[in-house]
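**Q** Before we start, here is the structure in question, set down as C-alpha cells.
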Amino acid sequence: MQTKELTYQHHYTPLTRLELVEKLRSALTDERFQHVLRVEQTAVDLAERYGVDPERASVAGLVHDYAKQRSDKEFIETIHKYHLDPNLLNYGNAIWHGVVGWILVKNELGINDIEILKAVEYHTVGHETMTKLEQIVYMADYIEPHRNFPGVEQARKLTNEDLALAVAYQTKQTLVYLVDNNRPVFPQTVVTYNSWVPKSGLD
Ligand SMILES: [Fe+2]
Ligand SMILES: [Fe+2]
148 MQTKELTYQH HYTPLTRLEL VEKLRSALTD ERFQHVLRVE QTAVDLAERY GVDPERASVA
208 GLVHDYAKQR SDKEFIETIH KYHLDPNLLN YGNAIWHGVV GWILVKNELG INDIEILKAV
268 EYHTVGHETM TKLEQIVYMA DYIEPHRNFP GVEQARKLTN EDLALAVAYQ TKQTLVYLVD
328 NNRPVFPQTV VTYNSWVPKS GLD
C-alpha cells in the first residue's frame, strides 16, 4: 500500500495531518498507533474509490481509536457527565472507545465535523443509516492490511466491490462471533444487523 500523506485543507481539525498523527502517537501504544495509520490509508483508498472526501476519511481513520487506551474510570465518568444511556455501563472498552470516545475526540482534538465524529462513534457497532464515510471507517478498521482472520479475504473482496454488502458481511460475522462465544451483544449491534443484513442479498 502506497502511503498517502494528505495536506489538510478543509479544517476538519485545527491541526495539520502531521500534528494529528503526533497526537495519536502519544495517545496510543506503538502497535495501536501503527493500526490507526493503516486504517487511515485503507480509508483514504476507499474514499477515492467510493467518491467520499479523502481528507474526512484520513481524519476519521486516524482518530477512530483515539480513546482506546483510556481507563474504564474515565469512560464511566464521561458517561455520567454527558448523561449518556446508563445501559452503556453494562459494557466495556470495546464499546466505550467509540460510543463514548467520540466525545474525547471532539473535546481534546478540536474536531467538530459531525460526519467524522459519527464515524468514530459507530465504528464498532454501526447503525441503521451509516453514511458512506461511516461505512468506509467501519470496513477499513476490519480489513486493514495486518488483519488476519478467517473470512478477511472475503471481507476485502466485498469491500472493494460493494460497500453495503461488505457492511452486512462484517455485521453478520461480528454477531455470529459474539453469540458463538457467549459474549454480550450491545443492542445497537442488533439494530445494525436488522438494518443491513436481512435485505442485503448476502450468501
Ligand atoms: Fe476501535
Ligand atoms: Fe481500530
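Be aware that the sequence shown starts at 148, since it is given in my numbering, and climbs by one per residue.
Glycine is no exception: its CB is placed at the ideal position from the N, C-alpha and C atoms.
Note that the structure is a prediction, hence the values are computed from the model and not measured.
#1: Taking only three categories from DSSP, how would you classify Asn-259?
#2: Less than 8 Å between the CB atoms is what I'm expecting for Leu-264 and Leu-209, so what's the real figure, rounded?
#3: Measuring straight from C-alpha to C-alpha, what distance separates Pro-161 and Asn-329?
#4: Would the beta-carbon of Asp-192 be found less than 6 Å away from any heavy atom of ligand 2?
#5: State the start and end residues of the unbroken alpha helix (DSSP H) segment that holds Arg-330.
#6: Go through the residues and name those whose CB comes closer than 5 Å to any heavy atom of ligand 2, in chain order.
#7: Can you tell me whether Ile-261 is buried or exposed? The criterion is at least 16 other CB atoms within 10 Å of its CB, across all chains shown.
#8: Mark Arg-196 as exposed unless 16 or more other C-beta atoms lie within 10 angstroms of its C-beta, in which case mark it buried.
#9: State the DSSP-derived secondary structure class of Asp-350, mapped to helix, strand or coil.
#10: Whose CA, out of Trp-249, Thr-189, Gln-216 and Ser-218, lies closest to the CA of Tyr-229?
#11: With H, G and I counted as helix, E and B as strand and the rest as coil, what does DSSP make of Ala-194?
#12: Name the residue from Arg-303, Arg-294 and Ser-342 whose alpha carbon lies nearest to the alpha carbon of Val-183.
#13: Using only CA atoms, which one of Leu-165, Arg-172, Gln-181 and Glu-281 lies nearest to Pro-292?
#14: Let's see if you can read the secondary structure: which residues bound the alpha helix (DSSP H) around Met-277?
#15: Considering Glu-291, what are the terminal residues of the alpha helix (DSSP H) in which it resides?
#16: Note down the Cα distance separating Ile-223 from Trp-343, rounded to an integer number of angstroms.
#17: Return the chain-ordered ranges of every alpha helix (DSSP H) run that is complete within the segment 169 to 256 and spans a minimum of 4 residues.
#18: Thr-339: which of Asp-327, Asp-350 and Tyr-316 sits nearest, CA to CA?
#19: Is it the case that the Cβ atoms of Val-272 and Gln-335 are separated by a distance below 7 Å?
**A** The structure says:
#1: If DSSP states are grouped into helix, strand and coil, Asn-259 belongs with coil.
#2: Incorrect: roughly 13 Å between the Cβ atoms, too far for contact.
#3: So the two alpha carbons sit approximately 43 Å from each other.
#4: No; taking the cut-off as 6 Å, the Cβ of Asp-192 has no heavy atom of ligand 2 nearer than that.
#5: Per DSSP, Arg-330 belongs to no alpha helix (DSSP H) and is neither H nor E.
#6: This criterion selects Asp-212 and Asp-288.
#7: The residue is exposed, with fewer than 16 neighbouring Cβ atoms inside 10 Å.
#8: By the neighbour-count rule (16 or more Cβ atoms within 10 Å), Arg-196 is not buried but exposed.
#9: Coil, per DSSP.
#10: Of Trp-249, Thr-189, Gln-216 and Ser-218, the smallest CA-CA separation from Tyr-229 is found for Trp-249.
#11: Three-state result, Ala-194: helix.
#12: Distance from the Cα of Val-183 is smallest, within the candidate group Arg-303, Arg-294 and Ser-342, for Arg-294.
#13: Ranking Leu-165, Arg-172, Gln-181 and Glu-281 by CA distance to the CA of Pro-292 puts Gln-181 first.
#14: Element bounds for Met-277: n/a, residue is neither H nor E.
#15: DSSP places Glu-291 in no alpha helix (DSSP H); its state is neither H nor E.
#16: Separation of Ile-223 and Trp-343 (C-alpha to C-alpha, rounded to the nearest whole angstrom) is 30 Å.
#17: Runs of the alpha helix (DSSP H) inside the segment 169 to 256: 177 to 197, 201 to 210, 219 to 228, 240 to 246 and 248 to 256.
#18: Nearest Cα to Thr-339 within the set Asp-327, Asp-350 and Tyr-316: Tyr-316.
#19: Gln-335 is positioned such that its CB atom lies closer than 7 Å to that of Val-272.
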